[in-house]
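Trainee: In the numbering used here, the protein residues as written are 655 to 1159.
1) Starting from residue 965, follow the alpha helix (DSSP H) in both directions and report where the run begins and ends.
2) If I follow the unbroken alpha helix (DSSP H) through residue 722, where does it start and stop?
3) Can you check whether the CB of residue 953 is closer than 7 Å to the CB of residue 858?
4) Which runs of the beta strand (DSSP E), 3 residues or longer, sit entirely within the segment 990-1058?
5) With a cut-off of 8 Å, do at least 3 Cβ pairs link the segment 1045-1060 to the segment 977-993?
6) Is it right to say residue 921 is buried, meaning 16 or more other beta carbons lie within 10 angstroms of its own, or is it exposed?
7) Apply the 10 Å Cβ neighbour rule to residue 967 and answer buried if 16 or more other Cβ atoms are within range, or exposed otherwise.
8) Who are the near neighbours of residue 712 in its chain, counting only those whose CB is closer than 7 Å to its CB and skipping five residues on each side?
9) Look at the alpha carbon of residue 682 and the alpha carbon of residue 932, and state the distance between them as a whole number of angstroms.
10) What is the rounded straight-line gap between the Cα of residue 995 and the Cα of residue 951?
11) What span of residues does the beta strand (DSSP E) with residue 923 cover, start to end?
12) Can you say whether residue 1037 is buried or exposed, counting buried as having 16 or more other CB atoms within 10 angstroms of its CB?
13) Does the beta-carbon of residue 1050, which I'm using as the reference point, lie nearer than 6 Å to any heavy atom of the ligand SAM?
14) Does any residue of chain B bring its CB to less than 7 Å from the CB of residue 1131?
15) Which residues mark the beginning and the end of the beta strand (DSSP E) in which residue 710 is found?
16) Which term fits residue 730, buried or exposed, when burial requires 16 or more other beta carbons within 10 angstroms of its beta carbon?
17) Please name the residue, chosen from 1152, 1091, 1024 and 1106, that lies closest to residue 748 on a Cα-to-Cα basis.
18) How would you write the range of the alpha helix (DSSP H) that residue 1072 sits in, first residue to last?
19) Let me know if residue 1153 comes out buried or exposed under the rule of 16 or more other beta-carbons within 10 Å of its beta-carbon.
20) What is the C-beta distance between residue 945 and residue 898, in whole angstroms, given that I count them as a contact (C-beta under 8 Å)?
21) In the DSSP assignment, find the beta strand (DSSP E) that holds residue 909 and state where it starts and stops.
22) Report the CB separation of residue 1119 from residue 718 in whole angstroms; it is logged as a contact under 8 Å.
23) Short of 6 Å in beta carbon distance, which residues of its chain neighbour residue 960, apart from the five on each side in sequence? Order them along the chain.
24) Could you work out which residue in 956, 1129, 969 and 873 is closest to residue 938 when comparing CA atoms only?
25) Could you tell me whether the Cβ atoms of residue 775 and residue 843 are closer together than 7 Å?
26) According to DSSP, simplified to helix, strand and coil, what is residue 1088?
27) Do residue 753 and residue 1101 have their beta-carbon atoms positioned less than 7 Å apart in this structure?
28) Can you look up residue 875 in the DSSP assignment and give me helix, strand or coil?
29) Just tell me which of 1072, 877, 698 and 862 has its CA closest to the CA of residue 889.
30) Please go through the same chain and pick out, in chain order, the residues whose beta-carbon is closer than 6 Å to the beta-carbon of residue 661, but skip the five residues on each side of it.
31) Does DSSP classify residue 936 as helix, strand or coil?
32) If you drop the 5 nearest sequence neighbours on each side, which residues of the same chain put their C-beta closer than 6 Å to that of residue 919?
33) For the alpha helix (DSSP H) containing residue 1124, name the first residue and the last one.
34) Below 8 Å on the Cβ atoms is my contact criterion, and I expect residue 924 with residue 1098 to pass it. Report the Cβ-Cβ distance as a whole number of Å.
35) Going by the CB atoms, is the gap between residue 1043 and residue 916 shorter than 7 Å?
36) Ordered along the chain, which non-local residues of its own chain (more than five positions away) have a Cβ less than 8 Å from that of residue 936?
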């Protein structure tokens, strides 16, 4: 309840008035005259001192014409203010973004992970009897078929189906070997793949200078003489340049390198940052449930890893089988909640083929349940440019053969057996290639997604609109608050005075 003493003290300080009690109610003495404190007096004071220009001009205008002029002008300004505020609010709530692109310089850049895979996934000398029989059977179909490419695809698929049932050791024994500093994993198409600079065997390597002499150089024997006939059409190596945390996909991310050439791969690092929440959808943390590559290979989430996981899960759910070209572990966190697959999806079963085609069609047109496969919020990628030249040069062949013969005499002997003693130059150029991977420049590009209209800019424009159209500022808001407080106090004062009158009557 308002106390009359407090009210008298407040009004005396704010209005320069003195109140005395007479006849059980309060009178205001201003100079020699006496006035009763009322709403009109409070309103008059507010009108005289407020910084809301329209209200002040309407109140102080002399004559009806001036009052109408300022009244209409204030109404028009208020309407325009509302339209302006609506535009600002809708613009802010649209949560549009812009991408800032910048080229930054660094004295030291992280060297990318480099994955290489042979186009021939299985060495013919390591091919088990069941695979040899399968190749011979398919070869007879190729001779009798009008579609050679279709029969070759069937053979590749059949091999993938069978090898998917082998353990990791058995899979590795079929392909080519690589030792020091390389992490090895098995790819259903390319066999053994090897990744350099994964960080699994030590600190991630860095580059401090651009150019081939400060990058990774590999001299690789593709072993064309070990290629499976009628199956492998291209000789060479697939090279994937990627971030250490990302799963390499040589079938769609790989660069093709050819024997008899130096393959120079100049890379540029790209660092991308995306917004989530109201501004967009991206995956900020690794989601193991959406990444079937995490447990076998300990790699982070990527959008392609999520999409492939989603596709594999739908095959297991809908078709009761799994794609042999992708990982599948029925006891893993990704598939543990699903019914166990009966085996790899075999193209010899028409029911399975129809089911796989349905799932693939839905995956292609975007109707498969993969809506949670967003791009990562933070991603490092590499833009790679490939250039080539002949290797080894004819003038260098003899020196190259001497170097190889000193370290691997059995290899030179094998080449002579396969191609003949007088064809060693042809054998070298048909089997060997050189790969140089290096930073093109000591710079990297950043793509940073930022709000096109953030909260600070919105607050600035919001306040500016009030000042532009009706002349209000934050101080005007406090003037209104003060006026509201005075009205409440006046109401309390009036109620107190009325109770006094009632008690004394």
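Every residue, glycine too, gets a C-beta built ideally from N, C-alpha and C.
Mentor: Here's the rundown:
1) 957-968
2) 718-747
3) no
4) 1032-1044
5) no
6) buried
7) buried
8) 721, 724, 725 and 728
9) Model confidence at residue 682 stands at a pLDDT of 39, short of 50, so the residue's coordinates are unreliable and nothing is read from them.
10) 21 Å
11) 915-927
12) exposed
13) Only the bare structure without any ligand can be found here, which leaves the ligand SAM out of the picture.
14) Considering every chain present, this structure includes no chain B. It has just one protein chain.
15) No beta strand (DSSP E) contains residue 710, which is instead part of the alpha helix (DSSP H) from 707-714.
16) exposed
17) 1106
18) 1063-1073
19) exposed
20) Incorrect: roughly 15 Å between the Cβ atoms, too far for contact.
21) 909-911
22) That pair is no contact at about 31 Å.
23) 944 and 1027
24) 956
25) yes
26) strand
27) yes
28) strand
29) 877
30) At residue 661, the pLDDT of 47 sits below 50, so the modelled position is not reliable and the matter cannot be decided from this model.
31) coil
32) 1038, 1040 and 1091
33) 1109-1124
34) 7 Å
35) yes
36) 928, 929, 930, 1028, 1029, 1030 and 1031
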